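S.K.: Protein chains in written order, with this note's numbering: chain Y, 3 to 270; chain Z, 3 to 270. For reference, the structure I am asking about is given below.
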């Protein structure tokens with residue numbers, strides 16, 4: 003049996019009760035933290051809290067060598083852990099299908115996603131979000147600018163009057179991080195860094211930075227991109243939302259919860 | 003202090019550990035179950051499991067008379083519970099802003115959303131979902147057909163090669179349920195019912211029904227809409243996804259996990 007468990011957004015208590023119980027009942031637990039991380043917990047803290055040894059596998063250990071996980075799942079109850087929701091990475095789906103092919107029963111225990119948090123914390127309605135996109139570090143995609151695909155996603159969503167959730171690049175355990183010239187501690191793109199990149203095309207447009215979603219001290223700041231580019235939102239993880247024309251209640255929320263200047267909400 | 007807690011998708015163990023702890027620490031707990039329900043738990047089971055009295059408020063009791071909740075939150079630690087994620091309904095955002103205005107500290111503890119589950123269970127990649135939509139019961143929106151807005155959302159997403167998550171109507175505690183002629187037990191739209199409505203325009207198109215996401219026995223069935231319309235997917239909650247052209251791994255998942263006929267995946 004192979005149970006995929008999304009650990010949620012922040013620390014060892016971000017998992018669901020069902021996920022916690024499944025993890026405690028598991029015979030063995032594997033994890034990958036290269037697609038995302040729990041910034042509020044170390045692996046040691048996870049191990050202590052859930053009282054189970056956790057074998058962390060790197061990208062190569064999951065993508066090129068999934069057999070040890072599958073072999074274990076053939077004989078015992080195995081949990082496969084990821085930060086945030088599970089099945090976000092194609093790797094997880096691939097692993098599940100391989101298990102399925104081998105006749106290993108699988109189960110998915112969902113975790114809270116950044117998408118839920120982006121909507122829940124900003125007050126922007128979830129049904130008004132269009133396709134999401136990811137902003138990569140310059141250099142990581144062979145150019146110094148915002149990739150055309152990111153610009154296009156934001157623009158097409160705006161034409162349809164939809165919000166865009168912009169995930170910010172994470173360069174943990176990624177061989178291209180060196181190529182992008184990232185120093186230690188710069189593996190997580192920050193909201194101000196992202197705003198600076200996007201401000202090149204949309205300096206005066208309203209955007210919202212959400213920092214540390216799912217933690218006890220999340221931060222929501224709504225302002226024009228050129229202003230967001232000058233601020234410091236603290237530690238990771240951070241993400242950015244480019245809102246469509248906000249509805250009345252959404253505008254209220256951006257002003258009350260994110261400090262959006264009224265003139266950016268068409269209120270002056 | 004007013005803490006909004008999303009209870010997650012299915013039963014009393016679908017909440018996060020953080021949410022469970024916040025609920026246990028609360029002095030009072032209110033809940034609304036008219037926007038969604040935990041079909042795996044009764045209120046009595048929630049009360050017993052979390053060891054706290056839960057005051058369930060109906061639509062009028064939240065939307066027109068929020069003062070008792072706010073008054074309580076001014077003096078004590080109050081939890082406000084919803085099924086699924088919190089802040090999905092504008093009512094929750096409105097309540098949060100009213101608390102904010104009165105100087106009451108608020109906190110949001112996210113729950114797993116149907117969106118996460120739809121993506122996680124089907125193998126369809128979350129970044130390929132466009133805007134979501136809700137299919138109402140005929141009669142509930144003044145017509146017998148699929149509303150133009152639903153058709154348009156699906157069509158525009160398809161043009162952009164994006165999946166569409168179709169939430170299915172829930173008529174719990176809704177005065178229009180009688181008007182729609184719904185009998186007891188028919189308050190939750192089923193996947194076959196939805197497929198029948200959508201098959202009028204797209205009989206041969208591939209769709210995916212997801213039943214009981216977040217439960218121990220979720221069901222995923224991928225087939226043409228006219229076929230899905232003839233099937234029985236069991237109990238609630240159910241939802242439907244109209245996929246875009248699936249990528250290779252997505253097609254593998256729909257075939258292996260949802261039994262999609264290969265010819266609908268362009269494989270024959």
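Don't be surprised by glycine CBs; every beta carbon is placed ideally from N, CA and C. For clarity, every value in this text was computed on a predicted model and none was experimentally measured.
If you run the structure through DSSP and keep just helix, strand and coil, what is residue 193 of chain Z?
M.R.: Walking along the second chain from the start, residue 193 of chain Z turns up at place 191. Helix at residue 193 of chain Z.
S.K.: CB residue 210 of chain Z to CB residue 124 of chain Z, shorter than 8 angstroms?
M.R.: Working through the second chain from its first residue, we reach residue 210 of chain Z at position 208. Working through the second chain from its first residue, we reach residue 124 of chain Z at position 122. For residue 210 of chain Z and residue 124 of chain Z, yes; Cβs fall inside 8 angstroms.
S.K.: Buried or exposed, going by whether 16 or more other CB atoms sit within 10 Å of the CB of residue 70 of chain Y?
M.R.: Counting from 1 along the first chain, the entry for residue 70 of chain Y is found at position 68. Per the 10 Å Cβ criterion, exposed.
S.K.: Could you pull out every residue in the same chain whose Cβ sits closer than 6 angstroms to the Cβ of residue 262 of chain Z, ignoring the five residues on either side in sequence?
M.R.: One-based indexing of the second chain puts residue 262 of chain Z at position 260. Here the set comprises 224, 256.
S.K.: Leaving out five residues before and five after residue 64 of chain Z in sequence, what residues of the same chain have Cβ atoms less than 6 angstroms from its Cβ?
M.R.: Counted from its first residue, the second chain places residue 64 of chain Z at position 62. 34, 93.
S.K.: When the cut-off is 8 angstroms and only beta carbons count, does residue 209 of chain Y lie next to chain Z?
M.R.: Looking up residue 209 of chain Y in the first chain gives position 207. Answer no: the Cβ-Cβ gap between residue 209 of chain Y and chain Z never drops below 8 angstroms.
S.K.: Counting only beta-carbon separations shorter than 8 angstroms, does residue 31 of chain Z have a partner in chain Y?
M.R.: Stepping through the second chain from its first residue, residue 31 of chain Z is reached at position 29. So no, residue 31 of chain Z is outside the interface.
S.K.: Cβ closer than 9 angstroms: which chain Z residues qualify as neighbours of residue 158 of chain Y?
M.R.: Working through the first chain from its first residue, we reach residue 158 of chain Y at position 156. Here the neighbours are 162.
S.K.: Which residue or residues does DSSP assign as beta-bridge partners of residue 265 of chain Y?
M.R.: Residue numbering aside, residue 265 of chain Y sits at position 263 when the first chain is read from its first letter. Bridge partners of residue 265 of chain Y: none, in fact.
S.K.: Closer than 9 angstroms by beta-carbon distance: list the chain Y residues that pair up with residue 66 of chain Z, in chain order.
M.R.: Your numbering for residue 66 of chain Z matches position 64 in the second chain. Within 9 angstroms Cβ-Cβ: nothing; residue 66 of chain Z doesn't reach chain Y, min ~16 angstroms.
S.K.: What residues of chain B sit near residue 166 of chain Z, judged by a beta carbon separation below 9 angstroms?
M.R.: Chain labels in this structure do not include chain B; the protein chains are Y and Z.
S.K.: Determine, using beta-carbon pairs with one atom in the region 152-161 of chain Y and one in the region 186-196 of chain Y, whether at least three such pairs fall under 8 angstroms.
M.R.: No, the region 152-161 of chain Y does not touch the region 186-196 of chain Y.
S.K.: Give me the Cα-Cα distance between residue 110 of chain Z and residue 54 of chain Z, rounded to the nearest whole angstrom.
M.R.: Sequence index remark: in the second chain, residue 110 of chain Z carries index 108 (1-based). Sequence index remark: in the second chain, residue 54 of chain Z carries index 52 (1-based). Their Cα atoms are separated by approximately 19 angstroms.
S.K.: Please confirm whether residue 168 of chain Y and residue 241 of chain Y have their CB atoms less than 8 angstroms apart.
M.R.: On the first chain, residue 168 of chain Y is found 166 positions in, with the first residue counted as 1. On the first chain, residue 241 of chain Y is found 239 positions in, with the first residue counted as 1. Yes, these two residues count as a Cβ contact at 8 angstroms.
S.K.: Mind pulling the alpha helix (DSSP H) runs of 4 or more residues that sit fully within the region 9-53 of chain Y?
M.R.: Correct list: 19-27, 45-52.
S.K.: Which residues, in order along the region 15-31 of chain Y, keep a beta-carbon less than 8 angstroms from a beta-carbon of chain Z?
M.R.: Correct list: 15, 16, 17, 18, 19, 20, 22, 23.
S.K.: Within the chosen definition, does the region 72-91 of chain Z reach the region 80-87 of chain Y through at least 3 CB pairs nearer than 8 angstroms?
M.R.: No: fewer than three Cβ pairs fall under 8 angstroms.
S.K.: Check the Cβ of residue 254 of chain Z against every Cβ in chain Y and list those closer than 7 angstroms, keeping chain order.
M.R.: Mapped onto the second chain, residue 254 of chain Z falls at position 252. 99, listed in chain order.
S.K.: Taking the alpha-carbon of residue 5 of chain Y as reference, which of Y:102, Y:246, Y:232 has the nearest alpha-carbon?
M.R.: On the first chain, position 3 is the one that residue 5 of chain Y refers to. Looking at the Cα atoms, Y:102 is the closest of the given residues.
S.K.: Determine the closest residue to residue 14 of chain Z out of Y:23, Y:12, Y:11, Y:62, with distance taken between C-alpha atoms.
M.R.: Start at 1 with the first residue of the second chain, and residue 14 of chain Z comes out as number 12. The shortest Cα separation from residue 14 of chain Z among Y:23, Y:12, Y:11, Y:62 belongs to Y:23.
S.K.: With H, G and I counted as helix, E and B as strand and the rest as coil, what does DSSP make of residue 126 of chain Y?
M.R.: Residue 126 of chain Y sits at position 124 when you count from the first residue of the first chain. Residue 126 of chain Y: coil per DSSP, three-state reduction.
S.K.: Tell me which residues share the same chain as residue 38 of chain Y and place their Cβ nearer than 8 angstroms to its Cβ, disregarding the 5 neighbours each side in the sequence.
M.R.: Sequence index remark: in the first chain, residue 38 of chain Y carries index 36 (1-based). These residues qualify, in order along the chain: 84, 85, 86, 90, 172, 239.
S.K.: What does residue 225 of chain Y pair with, by DSSP beta-bridge criteria?
M.R.: Taking the first chain and counting its residues from 1, one reaches residue 225 of chain Y at position 223. Partner(s): Y:209.
S.K.: So if DSSP puts residue 99 of chain Z in a beta bridge, which residue, or which two residues, is it bridged to?
M.R.: What you label residue 99 of chain Z is simply residue 97 of the second chain in a count that begins at 1. DSSP lists no partner for residue 99 of chain Z.
S.K.: I want to see whether chain Z comes within less than 8 angstroms of residue 127 of chain Y, judged by CB atoms only; does it?
M.R.: Here residue 127 of chain Y is taken as the residue at index 125 of the first chain, counted from 1. Judged by the 8 angstroms Cβ criterion, residue 127 of chain Y is in contact with chain Z.
S.K.: According to the neighbour-count rule (16 or more other Cβ atoms, all chains shown, within 10 Å of its Cβ), is residue 232 of chain Y buried or exposed?
M.R.: Numbered from its first residue, the first chain carries residue 232 of chain Y at position 230. Residue 232 of chain Y is exposed by the Cβ-count criterion.
S.K.: Do the CB positions of residue 106 of chain Z and residue 76 of chain Z come within less than 8 angstroms of each other?
M.R.: Against the second chain, residue 106 of chain Z aligns to sequence position 104. Against the second chain, residue 76 of chain Z aligns to sequence position 74. In contact: residue 106 of chain Z and residue 76 of chain Z (Cβ atoms closer than 8 angstroms).
S.K.: Return the CA-CA distance between residue 268 of chain Z and residue 20 of chain Y, expressed in angstroms with no decimal places.
M.R.: Your numbering for residue 268 of chain Z matches position 266 in the second chain. Your numbering for residue 20 of chain Y matches position 18 in the first chain. Rounded to whole angstroms, residue 268 of chain Z to residue 20 of chain Y spans 38 angstroms at the Cα level.
S.K.: Determine the extent of the alpha helix (DSSP H) in which residue 88 of chain Z is found, giving its start and end residues.
M.R.: Here the question's residue 88 of chain Z lines up with position 86 in the second chain. Neither: residue 88 of chain Z is in no alpha helix (DSSP H) and is coded neither H nor E.
S.K.: Starting from residue 123 of chain Y, find everything on chain Z with Cβ-Cβ shorter than 9 angstroms and list it in chain order.
M.R.: Numbered from 1 along the first chain, position 121 holds the residue referred to as residue 123 of chain Y. Per Cβ cutoff of 9 angstroms: 89, 110, 112.
S.K.: What residues match up with residue 82 of chain Z in a beta bridge as DSSP calls it?
M.R.: Translated into positions along the second chain, residue 82 of chain Z becomes position 80. Per DSSP, Z:6, Z:32.
S.K.: Is any beta-carbon of chain Y found at less than 8 angstroms from that of residue 119 of chain Z?
M.R.: Numbered from its first residue, the second chain carries residue 119 of chain Z at position 117. Output row for residue 119 of chain Z: interface = yes.
S.K.: In or out: residue 42 of chain Z buried (at least 16 other Cβ within 10 Å) or exposed?
M.R.: The residue given as residue 42 of chain Z occupies position 40 in the second chain. Counting Cβ neighbours within 10 Å, residue 42 of chain Z comes out buried, since at least 16 surround it.
S.K.: When you compare the CB positions of residue 192 of chain Y and residue 243 of chain Y, do they come within less than 8 angstroms of one another, or not?
M.R.: Position 190 of the first chain, counted from the start, is the residue given in the question as residue 192 of chain Y. Position 241 of the first chain, counted from the start, is the residue given in the question as residue 243 of chain Y. No. Outside cutoff.
S.K.: Considering Cα atoms alone, identify which of Z:12, Z:3, Z:7 is closest to residue 218 of chain Z.
M.R.: Numbered from its first residue, the second chain carries residue 218 of chain Z at position 216. Checking every option, the nearest Cα to that of residue 218 of chain Z belongs to Z:12.
S.K.: Flag this pair as yes or no: are the beta carbons of residue 245 of chain Z and residue 126 of chain Z separated by less than 8 angstroms?
M.R.: Within the second chain, residue 245 of chain Z is the residue found at index 243, counting from 1. Within the second chain, residue 126 of chain Z is the residue found at index 124, counting from 1. Taking 8 angstroms as the Cβ cut-off, residue 245 of chain Z and residue 126 of chain Z qualify as a contacting pair.
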